[in-house]
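J.: Chains as they are written, first to last, in my numbering: chain Z, 1 to 177; chain R, 1 to 177. Beta carbons: idealized from backbone N, C-alpha and C, even for Gly.
2 protein chains.
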Amino acid sequence: MTRILIPTRKLQIMPHNLWHHQSLLLTSGDFNAGKYNCMTIGWGSIGTMWSKPFVQVVVRPTRYTHEFMERYPTFTVCAFGKEFHGDLQLLGTHSGRDDDKLKMTKLTPAASVKVAAPGYAEAELILECQKIYSDIFKPENFIDKTINAKYPLKDYHTVYFGMIEAIYGSESFLGKI
Amino acid sequence: MTRILIPTRKLQIMPHNLWHHQSLLLTSGDFNAGKYNCMTIGWGSIGTMWSKPFVQVVVRPTRYTHEFMERYPTFTVCAFGKEFHGDLQLLGTHSGRDDDKLKMTKLTPAASVKVAAPGYAEAELILECQKIYSDIFKPENFIDKTINAKYPLKDYHTVYFGMIEAIYGSESFLGKI
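Here it is as structure tokens:
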């Protein structure tokens, strides 16, 4: 996959299509140390916070990736073309606790430029992020009470804000200003 | 301004350009009751949460708009062309407590389609939102300690998640899938 450096100001996306329909791969840990894990995510957002470009992701404490998100300071959020849809499904339904699940896919982890967490050779978009804030969803703050149905196990997500340190992507993510 | 209904999946934006460089207008309240207030915002995000398209905005408790965000269930987030840049600057630096500040601008509040909070005749993008979650930033959760410098008065923002009920915008916000 040919990627170019995308200035944060020029990143162009279809947010709900990207998260909900295409899905993204969240990877946390340290590539050089050989310690990292990934999971497919569909819930999150991209914007600006405290004047910095940022990505918001959420991870349930029951997920293996949660241990990495807590322990390591950086993560990546990556998008892939349709031909990797099956791989993302597998990475969202198998735990890295049980399997070397990446070996069951066509994805090749690769060093990032600015952060220790890896991206992937096949990614069409890589957001390299540094953790700057985290919190936990509180059920008493659900104004829409139907949200409770998403938590039958009461495993409320930890929310992470990552400042975007670098963006690499295909030209389709480069907007015109 | 000619706007079309934009399917949430097809909304296309440059997130950091939209929030940080262009700025947005947050409006909360009830148009028909004549009770609403607005403020210019540059911090927030757009994505998917609990499978719903959503906007995240943040409001300091010291702002007049905070009272409206707490009291009313809906809000809008609107973008404007460059010719309204000065108006957005005014709306971000004057309080609706002191002035009927909208009368000092070229903006015309107008009824929304799905929510009680108004949009504007001149907006090039209107996101109509229903509040579904809120929380407050906690300084002890700032992993990047430089964030503290944004709060010399310790007036930590309230965070609001709004489910996007409808999007109207110029064709430039309609992405291709």
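Could you name the residues of the same chain whose beta carbon sits closer than 6 Å to that of residue 132 of chain Z, not counting the 5 residues immediately before and after it, in chain order?
T.: Within the first sequence, residue 132 of chain Z is the residue found at index 132, counting from 1. Counting only Cβ-Cβ distances below 6 Å, and skipping sequence neighbours, we find 161 and 163.
J.: Which residue from R:83, R:129 and R:103 puts its Cα closest to that of residue 115 of chain R?
T.: For this step, residue 115 of chain R is matched to residue 115 along the second sequence. It is R:129.
J.: I need the boundaries of the alpha helix (DSSP H) containing residue 69 of chain Z, first residue and last residue.
T.: Along the first sequence, one-based indexing puts residue 69 of chain Z at 69. 64-71 is the span of the alpha helix (DSSP H), which, as asked, contains residue 69 of chain Z.
J.: Classify residue 159 of chain Z as buried or exposed, calling it buried when 16 or more other Cβ atoms lie within 10 Å of its own Cβ.
T.: In the first sequence, counting from the first residue as 1, residue 159 of chain Z sits at position 159. Result: buried.
J.: Taking C-beta to C-beta, are residue 90 of chain Z and residue 104 of chain Z nearer than 7 Å?
T.: Position 90 of the first sequence holds residue 90 of chain Z. Position 104 of the first sequence holds residue 104 of chain Z. Cβ atoms of residue 90 of chain Z and residue 104 of chain Z: closer than 7 Å.
J.: Per DSSP, what are the beta-bridge partners of residue 109 of chain R in this structure?
T.: Within the second sequence, the letter at position 109 stands for residue 109 of chain R. Answer by DSSP bridge pairing, in chain order: R:120.
J.: Can you tell me whether residue 31 of chain Z is helix, strand or coil according to DSSP?
T.: As a first step, residue 31 of chain Z is located in the first sequence; it is residue number 31 there, counting from the start. Looking at residue 31 of chain Z - three-state DSSP - the assignment turns out to be coil, as it is neither helix nor strand.
J.: Just the chain R side, please: which residues come within less than 9 Å of residue 11 of chain Z by C-beta, in chain order?
T.: Here the question's residue 11 of chain Z lines up with position 11 in the first sequence. Ordered by position in chain R, the residues that pass the 9 Å Cβ test against residue 11 of chain Z are 14, 15, 16 and 17.
J.: At least one CB of chain R closer than 7 Å to the CB of residue 61 of chain Z: is that the case?
T.: Mapped onto the first sequence, residue 61 of chain Z falls at position 61. So no, residue 61 of chain Z is outside the interface.
J.: At the level of alpha carbons, what is the spacing between residue 107 of chain Z and residue 111 of chain R?
T.: What you label residue 107 of chain Z is simply residue 107 of the first sequence in a count that begins at 1. What you label residue 111 of chain R is simply residue 111 of the second sequence in a count that begins at 1. Those two C-alpha atoms are separated by around 49 Å.
J.: The alpha helix (DSSP H) that contains residue 130 of chain Z, what's its start and end?
T.: Sequence index remark: in the first sequence, residue 130 of chain Z carries index 130 (1-based). Segment 125-136 is the beta strand (DSSP E) holding residue 130 of chain Z; no alpha helix (DSSP H) there.
J.: Measuring CA to CA, which of R:82, R:157, R:47 and R:113 is closest to residue 168 of chain R?
T.: Within the second sequence, numbered from 1, the residue matching residue 168 of chain R stands at position 168. Residue R:113 is the option with its Cα nearest to residue 168 of chain R.
J.: Under a CB-based cut-off of 7 Å, is residue 175 of chain R close to chain Z?
T.: For this step, residue 175 of chain R is matched to residue 175 along the second sequence. So, interface residue.
J.: Under 8 Å, CB to CB, which of the residues in the region 88-101 of chain R have a partner in chain Z?
T.: Correct list: empty, as no residue qualifies.
J.: Thinking residue 157 of chain R and residue 60 of chain R are a contact (beta carbons under 8 Å), I'd like their distance in whole angstroms, please.
T.: Position 157 of the second sequence, counted from the first residue, corresponds to residue 157 of chain R. Position 60 of the second sequence, counted from the first residue, corresponds to residue 60 of chain R. Yes, they are in contact, since the Cβ atoms of residue 157 of chain R and residue 60 of chain R sit about 5 Å apart, within 8 Å.
J.: Going along the chain, which residues of its own chain have a beta-carbon closer than 8 Å to the beta-carbon of residue 54 of chain Z, five neighbours each way excluded?
T.: Start at 1 with the first residue of the first sequence, and residue 54 of chain Z comes out as number 54. Cβ neighbours of residue 54 of chain Z beyond the five flanking positions: 46, 47, 48, 129, 132, 161, 162, 163 and 164.
J.: Got a sec: is the Cβ-Cβ distance from residue 22 of chain Z to anything in chain R below 7 Å?
T.: Position 22 of the first sequence, counting from 1, holds the residue named residue 22 of chain Z. So, not an interface residue.
J.: Can you give me the Cβ contacts of residue 154 of chain R inside the same chain, cut-off strictly under 8 Å, excluding the 5 residues immediately before and after it?
T.: As a position in the second sequence, residue 154 of chain R is number 154, starting the count at 1. The answer, listed in chain order, is 139.
J.: Measuring CA to CA, which of R:17, R:8 and R:152 is closest to residue 12 of chain Z?
T.: As a position in the first sequence, residue 12 of chain Z is number 12, starting the count at 1. Ranking R:17, R:8 and R:152 by Cα distance to residue 12 of chain Z puts R:17 first.
J.: Comparing alpha-carbon positions, which option in Z:72, Z:52, Z:22 and Z:23 lies nearest residue 34 of chain Z?
T.: Locating residue 34 of chain Z in the first sequence gives position 34, counting from the first residue. When each option's Cα is compared against that of residue 34 of chain Z, the closest is Z:72.
J.: So for residue 5 of chain Z, helix, strand or coil by DSSP?
T.: Position 5 of the first sequence, counting from 1, holds the residue named residue 5 of chain Z. Residue state, collapsed to three classes: strand.
J.: According to the Cβ coordinates, are residue 23 of chain Z and residue 2 of chain Z closer than 7 Å?
T.: Within the first sequence, numbered from 1, the residue matching residue 23 of chain Z stands at position 23. Within the first sequence, numbered from 1, the residue matching residue 2 of chain Z stands at position 2. Taking 7 Å as the Cβ cut-off, residue 23 of chain Z and residue 2 of chain Z do not qualify as a contacting pair.
J.: Please report whether the beta-carbon of residue 141 of chain Z lies at a distance below 7 Å from any beta-carbon of chain R.
T.: Counted from its first residue, the first sequence places residue 141 of chain Z at position 141. So, interface residue.
J.: Using CA coordinates, which residue listed in Z:79, Z:42, Z:117 and Z:52 is at the minimum distance from residue 93 of chain Z?
T.: Here the question's residue 93 of chain Z lines up with position 93 in the first sequence. When only C-alpha atoms are compared, the closest one is Z:42.
J.: Taking only beta-carbon atoms, is residue 133 of chain Z less than 7 Å away from chain R?
T.: Residue 133 of chain Z sits at position 133 when you count from the first residue of the first sequence. It does; some Cβ of chain R falls within 7 Å.
J.: Just to confirm my understanding: we take residue 82 of chain R, look at its own chain, exclude 5 residues before and 5 after, and list those with CB closer than 8 Å. What are they?
T.: Numbered from 1 along the second sequence, position 82 holds the residue referred to as residue 82 of chain R. Cβ neighbours of residue 82 of chain R beyond the five flanking positions: none.
J.: Residues of the region 44-75 of chain R with a CB closer than 9 Å to any CB of chain Z: list them in chain order, please.
T.: Cβ contacts with chain Z come from 44, 45, 46, 47, 48, 49, 50, 51, 52, 53, 54, 55, 56, 58 and 73.
J.: Taking CB distances under 7 Å as the criterion, tell me whether residue 155 of chain Z reaches chain R.
T.: For the purposes of this step, residue 155 of chain Z is taken as the residue at position 155 of the first sequence. Chain R contact via Cβ: absent.
J.: Alpha carbon to alpha carbon, how far is residue 65 of chain R from residue 118 of chain R? Give it in angstroms, no decimals.
T.: Here the question's residue 118 of chain R lines up with position 118 in the second sequence. Here the question's residue 65 of chain R lines up with position 65 in the second sequence. Their backbone Cα atoms lie some 14 Å apart in a straight line.
J.: Compare the C-beta of residue 30 of chain Z against all C-beta atoms of chain R and say whether one is closer than 7 Å.
T.: Taking the first residue of the first sequence as position 1, residue 30 of chain Z is located at position 30. No, residue 30 of chain Z lies away from the interface with chain R (no Cβ there is under 7 Å from its Cβ).
J.: Going by other Cβ atoms of all chains shown within 10 Å of its Cβ, with 16 needed for buried, is residue 101 of chain R buried or exposed?
T.: Counted from its first residue, the second sequence places residue 101 of chain R at position 101. Residue 101 of chain R comes out buried.
J.: Quick check: what's the CA-CA separation for residue 142 of chain Z versus residue 57 of chain R?
T.: The count along the first sequence starts at 1 and reaches residue 142 of chain Z at position 142. The count along the second sequence starts at 1 and reaches residue 57 of chain R at position 57. Rounded to the nearest angstrom, the two C-alpha atoms are 16 Å apart.
J.: Residue 238 of chain Z touches chain R at which residues, Cβ-Cβ below 8 Å?
T.: In this structure chain Z extends from 1 to 177, so residue 238 of chain Z is not present and cannot be described.
J.: How would you list, in chain order, the residues of chain R whose beta-carbon sits under 8 Å from the beta-carbon of residue 147 of chain Z?
T.: Numbered from its first residue, the first sequence carries residue 147 of chain Z at position 147. Correct list: 50, 132 and 133.
J.: Strictly below 8 Å CB to CB, what residues from chain R border residue 138 of chain Z?
T.: As a first step, residue 138 of chain Z is located in the first sequence; it is residue number 138 there, counting from the start. Result: 135.
J.: For residue 42 of chain Z, go through chain R and note every residue whose CB falls closer than 7 Å to its CB, in chain order.
T.: Here residue 42 of chain Z refers to the residue found at position 42 of the first sequence. Correct list: 48.
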